[in-house]
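Novice:
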Ligand code: NAD
Ligand code: AHE
Ligand code: ZN
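In the UniProt record's numbering, the protein residues as written are 3 to 377.
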C-alpha cells in the first residue's frame with residue numbers, strides 16, 4: 003500500500019453537532035516528514051465533543067476528529083528516520099520536534115514546529131489535507147484525526163512505543179491520562195502532605211487524583227455535580243467528595259471551610275470558567291496554586307479579583323500535562339507495563355468505529371469515563 007492512496011472508513015463531522023457519518027475516505031500517501039498510521043484503537047475525549055459542538059475557534063468542518071489513539075505505522079514519507087512501517091505508535095497532538103525555540107527552552111512541552119498547520123486542519127508540507135472524499139478535501143484535527151482507519155501525521159507527532167504494549171489500552175496515553183498525571187507531577191509539582199481539590203471527575207480529573215495520590219497528597223477532595231462519579235473516584239485516590247448541589251454557599255467557601263483556609267493545589271478539569279474562578283479562590287492564601295486543564299468555549303473568559311493573586315495564589319494552566327510527547331509517552335507506556343500507572347480502570351466501554359455516535363451519547367450521559375473504539 004505504500005505510495006498509494008488508501009480508501010478506508012472514517013467518521014466525518016460535516017457540521018457542528020450533526021451526527022458523525024461513517025464514510026469511505028481516501029487517505030493520500032505521506033509526504034516528506036509525514037507518517038501514515040493504521041489506527042487500531044481510538045478513545046473519545048471531551049475535547050472531541052467540544053470541537054464537534056462548534057465552540058472551538060479552531061474547529062473546521064468537514065473534519066475527522068479524534069486524538070487519543072494507537073496504531074501501527076503503515077508507511078513513511080521521505081526523510082522520516084525515527085519510525086518505520088510496523089512500528090507501534092501513539093499519535094501526539096502536542097508535537098515535539100526537539101529543535102524549535104519551545105522545545106529547546108527547557109521551560110515548556112509546547113512545540114512550535116507544526117502547530118500552525120495542526121490548528122488549520124492541514125499538513126505543513128503543501129498546506130493541504132491528506133483526507134478526501136471523491137476529490138473533496140476533509141480537514142485534519144489536532145494533527146491526529148484518529149477517527150479514521152488510516153491517518154497521516156507529522157513525524158514530530160508520533161511516539162514509538164513498546165511492541166508488547168496492548169494498543170487497546172495504551173491508546174489512552176494519547177491524551178487524558180497523561181494530562182491529569184502530568185498536571186500534578188510537572189505543572190503543580192504537588193508535594194507529600196498536600197491538600198488537593200479536583201473539579202470534575204472525568205478521566206482527566208481522576209488521573210489528577212491518581213497523580214496526587216502517588217505524589218503523597220494527604221487529602222484529595224473531588225468535586226463533581228454527578229454523584230455517580232463519587233464511588234469510582236475512590237479507586238483513583240479521591241479521599242473526600244463534595245457535590246456543589248448539596249450546598250447553598252459558593253463552592254470555594256465550602257472548600258475553604260473544609261480545609262482551614264484553603265487547599266494547596268486545585269485543578270479545573272471541566273472547562274467551565276466560573277468553576278475555574280472557584281478553583282482559584284478555594285486555594286490557600288499565600289501559596290495555593292490552581293491549574294486550569296479544562297478547555298473553555300470560544301469567547302469565554304476567566305476573572306477574579308486581582309487581590310487573589312496579590313495575596314499569593316497562583317493561576318497556571320497545562321497542555322498534555324506538561325509532558326514532552328515523543329520523549330515521554332514511551333516512558334508512560336513502560337510505567338503502565340510495570341503496573342505503576344492505571345489505564346484499564348478508565349475504560350468503561352468498548353465499541354466499534356461504526357458505533358461512534360453512541361459513544362458520544364455515552365460520554366454526555368455520565369457513567370462513562372473512556373470509551374475505546376475498535377477500528
Ligand atoms: P469528562 O466530560 O469526562 O469529565 C468532566 C466531568 O466534569 C464530569 O464528571 C462532569 O460531571 C463534571 N462537571 C461538569 N460540570 C461541572 C460543574 N459545574 N462542577 C463540577 N463538576 C462538573 O471530560 P474529560 O475528558 O475528563 O476532560 C475534562 C476537560 O479537560 C475538558 O474540558 C477537556 O476538553 C479538557 N482537556 C484538556 C486537556 C489539556 O491538555 N489541557 C487534555 C484533555 C482534556
Ligand atoms: N483549539 C482549541 C484549543 C484547545 C486546547 O487548549 N487544547 C489543549 C489540548 S485538549 C486535549 O484534549 C492543548 O493542548 N492546547 C495547547 C495547544 O497547543 O493547542 C481552542 O479552544 O482554541
Ligand atoms: Zn483530549
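We treat Cβ as the ideally placed atom computed from N, Cα and C, and that holds for glycine.
Closer than 7 Å: is that where the CB of residue 449 sits relative to any heavy atom of the ligand AHE?
Specialist: Outside the shown range of the chain, which is 3 to 377, sits residue 449, and nothing can be said about it.
Novice: What are the residues that DSSP puts in a beta bridge with residue 248?
Specialist: Its beta-bridge partners do not exist; DSSP assigns none.
Novice: With DSSP run on the structure shown, which of helix, strand or coil describes residue 142?
Specialist: Coil, per DSSP.
Novice: For residue 3, name the three-state secondary structure that DSSP assigns.
Specialist: Note: residue 3 maps to coil in three-state DSSP.
Novice: Determine the extent of the beta strand (DSSP E) in which residue 134 is found, giving its start and end residues.
Specialist: Where residue 134 is concerned, the enclosing beta strand (DSSP E) stretches over 133-135.
Novice: Whole angstroms are fine: how far does the CA of residue 24 sit from the CA of residue 265?
Specialist: Going from the Cα of residue 265 to the Cα of residue 24 covers about 46 Å.
Novice: Apart from the five residues just before and just after residue 225, which ones in its own chain have a Cβ nearer than 7 Å to its Cβ?
Specialist: The answer, listed in chain order, is 199, 200, 201, 244, 246, 253.
Novice: Starting from residue 207 and walking both ways along the alpha helix (DSSP H), at which residues does that stretch end?
Specialist: 205-216 is the extent of the alpha helix (DSSP H) around residue 207.
Novice: Given 7 Å as the limit, tell me if residue 324 has its C-beta closer than that to any heavy atom belonging to the ligand ZN.
Specialist: Incorrect: residue 324 has no Cβ contact closer than 7 Å to the ligand ZN.
Novice: Taking only three categories from DSSP, how would you classify residue 200?
Specialist: Looking at residue 200 - three-state DSSP - the assignment turns out to be strand.
Novice: Should residue 96 be labelled buried (16 or more other beta-carbon atoms within 10 Å of its own) or exposed?
Specialist: Result: buried.
Novice: Just checking, does the stretch 157-172 make contact with the stretch 84-101 on the three C-beta pairs under 8 Å criterion?
Specialist: Taking 8 Å as the limit for Cβ pairs, the verdict is that the stretch 84-101 does touch the stretch 157-172.
Novice: What does DSSP give as the partner residue(s) for residue 154 in the beta ladder?
Specialist: Bridge partners of residue 154: 38.
Novice: Are the CB atoms of residue 133 and residue 142 nearer to each other than 8 Å?
Specialist: It is a contact, given that the beta carbons lie within the stated cut-off.
Novice: Have a look at residue 57 and residue 126 and give me their C-alpha separation to the nearest angstrom.
Specialist: Going by the C-alpha atoms only, they are around 25 Å apart.
Novice: Is any heavy atom of the ligand ZN found at a distance shorter than 7 Å from the C-beta of residue 153?
Specialist: No.
Novice: For the ligand ZN, which residues count as neighbours when the test is a C-beta closer than 5 Å to any heavy atom?
Specialist: This selection yields 47, 49, 177.
Novice: Quick one: give me the first and last residue of the alpha helix (DSSP H) that residue 378 is part of.
Specialist: Because the chain here runs from 3 to 377, residue 378 falls outside it and cannot be looked at.
Novice: My parser needs the beta strand (DSSP E) runs of 3 or more residues fully inside the UniProt domain "Alcohol dehydrogenase-like C-terminal" (206-334); what are they?
Specialist: With a minimum length of 3 residues, the continuous beta strand (DSSP E) runs that stay inside the UniProt domain "Alcohol dehydrogenase-like C-terminal" (206-334) are 221-225, 242-244, 267-270, 291-294, 316-319.
Novice: Select from 274, 321, 235 the residue whose C-alpha is nearest the C-alpha of residue 300.
Specialist: Cα-wise, what sits closest to residue 300 is 274.
Novice: Just mark residue 54 as buried or exposed, buried being the case when its beta carbon has 16 or more other beta carbons within 10 Å.
Specialist: By the neighbour-count rule (16 or more Cβ atoms within 10 Å), residue 54 is buried.
Novice: Tell me the DSSP bridge mates of residue 73?
Specialist: BP columns for residue 73 point to 41, 91.
Novice: Buried or exposed for residue 45, please, with buried defined as at least 16 other CB atoms from any protein chain shown within 10 angstroms of its CB.
Specialist: Buried, because 16 or more other Cβ atoms sit within 10 Å of the Cβ of residue 45.
Novice: Using only the alpha-carbon positions, how far apart do residue 147 and residue 330 sit?
Specialist: Those two C-alpha atoms are separated by around 21 Å.
Novice: Determine the contact status of residue 205 and residue 348, defining contact as a CB-CB distance below 8 Å.
Specialist: Contact flag set, yes.
Novice: Compare the C-alpha of residue 174 against each of 222, 324, 47, 312 and name the closest.
Specialist: It is 47 whose Cα lies nearest to the Cα of residue 174.
Novice: Within a Cβ cutoff of 8 Å, which residues of the same chain sit near residue 102, ignoring the five residues on either side of it in sequence?
Specialist: Only 113, 114, 115 meet the Cβ criterion.
Novice: Using DSSP's beta-bridge definition, name the partner residues of residue 11.
Specialist: 26.
Novice: Taking the alpha-carbon positions, what's the residue 70 to residue 248 distance?
Specialist: Rounded to whole angstroms, residue 70 to residue 248 spans 34 Å at the Cα level.
Novice: Looking at the structure shown, is residue 352 part of a helix, part of a strand, or coil, going by DSSP?
Specialist: Residue 352 falls in the strand class under three-state DSSP.
Novice: Across the stretch 334-341 and the stretch 309-321, are there enough close Cβ pairs to call them in contact, namely three or more that are closer than 8 Å?
Specialist: These segments do not touch.
Novice: Given a cut-off of 8 Å on the beta-carbon distance, is the pair residue 368 and residue 233 in contact?
Specialist: No; because the gap between Cβ atoms is not below 8 Å, this pair is not in contact.
Novice: If I'm right that residue 270 touches residue 277 with Cβ under 8 Å, what's the distance once you round it to whole angstroms?
Specialist: 6 Å between Cβ atoms; contact.
Novice: Along the alpha helix (DSSP H) that carries residue 117, what are the first and last residues, could you check?
Specialist: Its alpha helix (DSSP H) spans residues 117-122.
Novice: Identify which residue in 21, 33, 22 has its Cα closest to the Cα of residue 5.
Specialist: Measuring from the Cα of residue 5, the nearest candidate turns out to be 33.
Novice: Pull up the DSSP beta-bridge partners for residue 374, would you.
Specialist: Beta-bridge pairing links residue 374 to 45, 352.
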